[in-house]
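Peer 1: Per the numbering used here, the sequence shown runs over residues 405 to 707.
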Amino acid sequence: MNETLVGFTSCIISCIAFGFMFAPLRNFDCKDGNIASVPIINHLGIGVGMLVWSSVQVLIGWGVARFGFFGTRPQSVYNNTMNVVGLFFVLLSGFMFVFVKHKNQQRHSVDNSSVPESDVISMQQIEDNSAARKRIDHNAYKPTSHITKKKIGYLGLAVFLGILHGLMMTPIVYIQDTDPKASPSVLDYVFPHFCAVFFCSTIYFIGYCIWMRGRTHAPAELILPSAAYGVLWCIGMTLWFVSNRMLSQTVSFPITTRLPSTIGVLADVLLFKDVKGKKNLTVTFSAVAIGLIGVLLIAFSNQ
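If you want it as structure tokens, here you go:
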């Protein structure tokens, strides 16, 4: 079978798996299990956080392959202009997705706007207790410089996360490009990759259990949805390895990092009805259209 056909088929199935892998977990507040994503989402918001790390991921993954950084061979395309324009459209669609209001995000913002009972202090208490007055003043007037420094720190963390995601294929490509004895079959590298993921996740989970001291969040009803998420991730990742080899990273990387979010937001609109409102839907479908144009330009740039 033609390598290009196998590559694009693998790429599309991979994107579908990545696009729906959060569906089993949509009724649970579990973020995505990524160590850095939870603090990033909590302090920057899911829109800005995902925009930063996904954009950096696309640029790093594409740039390493296109220019041959870190000892890898440069991967050229037949039409470089079309490839670059497609990359721009992919990044633009990611920026537009920030402005899409999701039902869960709206509910989260409403929940956060309510004042906890422990922070409600009566006027009589304020008059009688100067310590309470200091507590309110401290909570109400946080220095802007402190908030800005915290945001800059989490923006840096988002950039770092994007860099790591963008470089995750580089060791495999480097080995295949530089070692004549290396296996040409990309599937031979899937198991070691998964073992590394499992090892690091296990170390983090053990550390989390020790830190929480018996207060870990591990409800029984989360087990099967998490397993389903893991199966979809494994399918998507394995086929991404295949498409990355068959199509070149300059083609597969931008597509596989943008198309799943496009599929996911379309599922939210058409299946789960989590995105509503005329303005919201207009922004959503505009971002989807621009993203698909970018994906098609990148796909045809190597033909």
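Note that CB positions come from ideal geometry on N, CA and C, so glycine has one too. Just so it is clear, the structure is predicted and the values come from calculations on it, not from any experiment.
Give the DSSP-derived three-state secondary structure of Ala-622 in the structure shown.
Peer 2: The answer is coil: DSSP assigns Ala-622 none of H, G, I, E or B.
Peer 1: Enumerated in chain order, which unbroken segments of the alpha helix (DSSP H) with a length of 4 residues or greater are wholly contained in the segment 643 to 678?
Peer 2: The segment 643 to 678 contains these whole alpha helix (DSSP H) runs: 653 to 674.
Peer 1: Ends of the alpha helix (DSSP H) at Val-502?
Peer 2: Taken as a continuous stretch (DSSP letters only), Val-502 belongs to no alpha helix (DSSP H), as it is neither H nor E.
Peer 1: Terminal residues of the continuous alpha helix (DSSP H) containing Ile-614?
Peer 2: Taken as a continuous stretch (DSSP letters only), the alpha helix (DSSP H) holding Ile-614 covers 594 to 616.
Peer 1: Under 8 Å by Cβ, that's how I've got Phe-426 and Gly-618 pegged, so tell me the actual separation to the nearest angstrom.
Peer 2: About 28 Å separates the two Cβ atoms, so there is no contact after all.
Peer 1: Whose C-alpha, out of Trp-615, Ser-414, Leu-626 and Trp-644, is nearest the C-alpha of His-597?
Peer 2: Checked all of Trp-615, Ser-414, Leu-626 and Trp-644; the closest Cα to His-597 is Trp-644.
Peer 1: Leaving aside the five residues before and after Pro-489 along the sequence, list all residues of the same chain whose C-beta is less than 7 Å from its C-beta, in chain order.
Peer 2: The sequence as given places Val at residue 489; Pro does not occur at that position. Around Val-489: Leu-701.
Peer 1: Give the C-beta separation of Pro-629 and Phe-432 to the nearest angstrom, bearing in mind that I take them to be a contact with Cβ-Cβ under 8 Å.
Peer 2: That belief holds up - the Cβ atoms of Pro-629 and Phe-432 are roughly 7 Å apart, short of 8 Å.
Peer 1: Helix, strand or coil, according to DSSP, for Tyr-482 in the structure here?
Peer 2: Three-state DSSP puts Tyr-482 in coil, outside helix and strand.
Peer 1: What did DSSP end up calling Ala-421 once you bin it into helix, strand or coil?
Peer 2: Three-state result, Ala-421: helix.
Peer 1: Write down the C-beta distance between Ala-469 and Ser-705 rounded to the nearest angstrom, noting that I regard them as a contact closer than 8 Å.
Peer 2: Wrong, their Cβ atoms sit about 13 Å apart, outside the cutoff.
Peer 1: Given a cut-off of 8 Å, decide if Phe-424 and Gly-695 are closer than it, judged by their beta-carbon atoms.
Peer 2: Not closer than 8 Å, so no.
Peer 1: Sorted by chain position, which residues of the same chain lie with C-beta nearer than 6 Å to Met-527's C-beta, five sequence neighbours on each side aside?
Peer 2: Because Met-527 carries a pLDDT of 38, less than 50, the predicted location of this residue cannot be relied on, and no value is offered for it.
Peer 1: Thinking C-beta only, is Phe-422 closer than 8 Å to Pro-664?
Peer 2: Their beta carbons are under 8 Å apart, which means Pro-664 touches Phe-422 by this criterion.
Peer 1: For Ile-439, name the three-state secondary structure that DSSP assigns.
Peer 2: Coil at Ile-439, not helix or strand.
Peer 1: So, is Tyr-593 buried or exposed, given that buried needs 16 or more other C-beta atoms within 10 angstroms?
Peer 2: The residue is buried, with at least 16 neighbouring Cβ atoms inside 10 Å.
Peer 1: Between Glu-521 and Thr-688, what straight-line distance do the alpha-carbon atoms span, to the nearest angstrom?
Peer 2: Residue placement at Glu-521 cannot be trusted, given a pLDDT of 41 that sits under 50; what the coordinates show is reported in the next sentence. Straight-line Cα distance between these residues: approximately 37 Å.
Peer 1: Excluding sequence positions up to five away, which residues of its chain have a Cβ less than 7 Å from the Cβ of Ile-417?
Peer 2: Only Leu-643 meet the Cβ criterion.
Peer 1: Check Ala-693 in the structure and name its three-state DSSP category.
Peer 2: Residue state, collapsed to three classes: helix.
Peer 1: Would you kindly work out how many angstroms separate the C-alpha atoms of Lys-585 and Asn-648, rounded to a whole number?
Peer 2: So the alpha carbons of these two residues sit roughly 20 Å apart.
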